[in-house]
Amino acid sequence: MKILSSTQKDLEVKMRLLCLIFILLLIYPLAIANSKIVAIVGDETITIKEYKERLNYEEKRIGRPLDKEEIKGLLDKMIEEK
3 MKILSSTQKD LEVKMRLLCL IFILLLIYPL AIANSKIVAI VGDETITIKE
53 YKERLNYEEK RIGRPLDKEE IKGLLDKMIE EK
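Going by this note's numbering, the sequence shown opens with residue 3, and the numbers climb by one from there.
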């Protein structure tokens, strides 16, 4: 086993902290991705998460995947409701 001097230990600790910070900076945008804004309606906003939930709800309600025109109309419908 290697015996490290105090400066080498400090450097190792700093490198580990930098790696941890770097990893957190990579993960953070993924964590907030669901909260990105799709549309702003007055004081209200529609997020990607809300849009995906509504899309899944509509597909389950109809019992089939929505076609392109229906998907385009879904956001308009959500805006009208807000």
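Every residue, glycine too, gets a C-beta built ideally from N, C-alpha and C.
Open item on the list: Taking a contact to mean a Cβ-Cβ separation below 8 Å, would you say Arg56 touches Met17 in this structure?
Closed with: Along the sequence shown, read from residue 1 onward, the residue named residue 56 stands at position 54. Along the sequence shown, read from residue 1 onward, the residue named residue 17 stands at position 15. Contact: no.
- [ ] With DSSP as the reference, please indicate the residues paired to Glu55 in a beta bridge.
- [x] In the sequence shown, counting from the first residue as 1, residue 55 sits at position 53. Looking at the DSSP assignment, Glu55 forms no beta bridge with any residue, so it has no partner.
Open item on the list: In whole angstroms, give me the CA-to-CA distance for Leu26 and Glu14.
Closed with: As a working mapping, residue 26 is identified with position 24 in the sequence shown. As a working mapping, residue 14 is identified with position 12 in the sequence shown. Their backbone Cα atoms lie some 18 Å apart in a straight line.
Open item on the list: I'd like the list of long-range same chain contacts for Asp71, defined as Cβ closer than 8 Å, with 5 residues on each side in sequence excluded.
Closed with: Sequence index remark: in the sequence shown, residue 71 carries index 69 (1-based). This sequence places Glu at residue 71; Asp is not what is there. So no residue of the chain qualifies.
Open item on the list: When you measure from the CB of Arg18 to every non-hydrogen atom of the ligand ATP, does any distance come out below 7 Å?
Closed with: For the ligand ATP, the structure offers nothing, since it holds no ligand at all.
Task: Close beta carbons around Phe24, own chain, < 8 Å, minus the five adjacent residues each side - done: Along the sequence shown, read from residue 1 onward, the residue named residue 24 stands at position 22. Setting aside the 5 residues that flank it on each side, Phe24 has no residue in the same chain whose C-beta is closer than 8 Å to its C-beta.
Task: Selected residue, minimal CA-CA separation from Lys84, among Glu46, Lys11, Ile50, Gly65 - done: Taking the first residue of the sequence shown as 1, we reach residue 84 at position 82. Comparing Cα-Cα distances from Lys84 to each of Glu46, Lys11, Ile50, Gly65, the minimum goes to Glu46.
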